[in-house]
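Quick mapping for you: the protein sequence lines, in order, are chains R and V. Residue 91 in our numbering sits at position 93 of the first sequence, and the numbers go up by one each step. Here our numbering runs 717 ahead of the position in the second sequence, where the first position is 1. Below: the structure, in structure tokens.
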Amino acid sequence: MDAKLKETILNPIFKGNPITVLVLGICSSLAVTVTMKGALVMALSVIVVTGISSLILSLLRNTIPGRVRIIVQLVVVAMMVILVDQILKSFEATYAIDKQLSVYIGLIITNCIVMGRIEAFALGNKPWPSFLDGVANGAGYGMILLIVAFFRELLGSGTLFGIDILNRFGYVPNNLVILPPFALILLGCIVWVQRSIQKDLQEK
Amino acid sequence: MNTNNNVYTIIYTTLIVVVVAALLAFVSQSLKGKQDANEKADTISQMLTAAQFGTKAEFQKAGNAAVLAKYADEIGQAFTVNLNGEKVQDLDLTKVYSPKELKRQNYNIKGGSNKTGEPEIPVFVFKNGKTVVPIYGAGLWGPVWGYIAFEKDLKTIAGAYFDHESETAGLGAKIKDDPAFQAEFIGEKPDFAQANVFDIVKGGSPKEGDTEIKDNKIDAITGATMTSQGLDTAIDTWLGAYAKYFQGQQAACDKPCCEGEEQNCKEEE
């Protein structure tokens, strides 16, 4: 694999993480991180949407009229989001989780990561790198989601993926952790850790 | 090729919209059956949870087929009643009222421009004597609905389960997620003689030293005033609509027949 492609994949995971560095997709990362299961389904959904929309739009990139560029992107992304939502609704295993995530699956369309990567990358690059860029950005987003959800479910409900971890030791679940403000506190801590590792992100 | 040409732009956008619309319509149509089956099993498991046949999590784990089988085993009769408490028609025992149908009946109960006909609200009677009725109303962000199960005497609440579309997680969503809130309903006795059948208010639970009887009141949820009020209104509206039916059945039950365990009030009528 050449260096540029490797960079495309690795950059969004850490150095250019969409949530902690670009500060995109904050809204849903506060809302769907109460449980690991919800965060995982959300992460996978975003990976599918970013990956495939980037692929489709990269294939179409030379035919799209410049003036209606954003509208065409919107149509494709909206289509992907609706498809993901419909598919989640039709399986027994994912029906309940789709209900729990409710509007947030539909709101993937407003997630700046999707449109941002299409506009910045997919419209100027070949399909394969675009697809990888979409998937990697979705994964970078999903990774932060899972880290936040890990702490929130563990401390807020005493469980992980619904399996009792702390409660059996007499742990009393902390209600504050369930509420959105705590997700923001956790995100702040993650940004703090990342910036102290990666000095070039620090402002003078 | 000049992609900034007006004609090209119009044809291109039209084409892409038509293709996407056709694809989505096709997917939606082909998945509809599965989605409806999931929704139905979900509704049934909510009714079973209200009637205390198990917890929602257990039903979720058991899967759709098990939920349907359990319901088929336990359901005795299902029928609709009108606002006068008269039976309108028997329901097919496999039929349930989806939130969408509840919404329509909610408009019919409340009247106004959205009314589509006379209210016909369902009553589900289980073989063990418990009666389950639905409620529906507006929460803070979207609809709230649920099922309330009554004991054989039709006075005492045996259990309740509520669901919502988009109430705030951790606050309003507690009507669904907090078993303690739903457990508060157990043992309460709604007052069908009043317009305000039931109350979800601050201080609704009896405390030590209370002299007031609080049989038709429970505590609201802290931080979720609007959702609590919405649910309160939903319960008042719907139990109010069932009031005549319940009063009629209670009167039949108040005869000594109900005292003897082995005798069934229905036979006495």
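Ideal Cβ positions, reconstructed from N, Cα and C, are used throughout, including at glycine.
Proximity of V79 (chain R) and G49 (chain R) at Cβ, strictly below 8 angstroms: no
Proximity below 8 angstroms, CB of L800 (chain V) to CB of P836 (chain V): yes
Beta-carbon proximity of G872 (chain V) to H881 (chain V), cut-off 8 angstroms: The sequence given here has Lys at residue 872 (chain V), not Gly. No, the Cβ-Cβ distance between K872 (chain V) and H881 (chain V) is not below 8 angstroms.
Members of the segment 108 to 136 of chain R that neighbour chain V once the beta carbon cut-off is set at 9 angstroms: Listed in sequence order: no entries.
Cα-Cα separation between T18 (chain R) and A960 (chain V), rounded to whole angstroms: Cα to Cα, T18 (chain R) sits roughly 56 angstroms from A960 (chain V).
Cβ shell of Q794 (chain V) (< 6 angstroms), same chain only, five flanking positions each side left out: V842
Segment contact, 8 angstroms Cβ cut-off, at least three pairs: the segment 6 to 23 of chain R with the segment 111 to 119 of chain R: yes
Bridge partners - G854 (chain V), DSSP secondary structure assignment: G854 (chain V) pairs with V:V861.
Neighbour list for K751 (chain V) in chain R, Cβ cutoff strictly below 7 angstroms: S88
For T730 (chain V), three-class secondary structure by DSSP: helix
Span separating the alpha-carbon of A733 (chain V) from that of S762 (chain V): According to the sequence shown, residue 733 (chain V) is Ile rather than Ala. If you draw a straight line from the Cα of I733 (chain V) to the Cα of S762 (chain V), it is about 42 angstroms long.
Chain-ordered residues of the segment 47 to 78 of chain R with a beta carbon less than 9 angstroms from chain V: Against chain V - using a Cβ distance shorter than 9 angstroms - the residues of the segment 47 to 78 of chain R are L58, N60, T61, I62, P63, G64, R65, V66, I69, V70, V73, V74, A76 and M77.
Partner residues on chain V for L144 (chain R), Cβ-Cβ distance less than 7 angstroms: Correct list: empty, because the minimum Cβ distance to chain V is about 18 angstroms.
C-beta contact flag for G889 (chain V) and G856 (chain V) at 8 angstroms: Taking 8 angstroms as the cut-off, the beta carbon of G889 (chain V) is found closer than this to the beta carbon of G856 (chain V).
Proximity of M764 (chain V) and V849 (chain V) at Cβ, strictly below 8 angstroms: Yes, the pair counts as a contact, with Cβ atoms nearer than the cut-off.
Residue closest to K906 (chain V), alpha-carbon to alpha-carbon, out of V:K778, V:G876, V:T885 and V:A897: Its Cα nearest to that of K906 (chain V), the residue V:G876 stands out among V:K778, V:G876, V:T885 and V:A897.
Whole-angstrom distance between Q966 (chain V) and Q911 (chain V), CA atom to CA atom: Their Cα atoms are separated by approximately 17 angstroms.
Status (buried if at least 16 other CB within 10 Å, exposed otherwise) for A900 (chain V): exposed
Simplified DSSP state of F898 (chain V), which is helix, strand or coil: Correct three-state label for F898 (chain V): helix.
Cβ of V914 (chain V) within 8 angstroms of any chain R Cβ: no
Own chain, CB closer than 7 angstroms to A758 (chain V), minus 5 neighbours either side, in chain order: N781, V784 and L785
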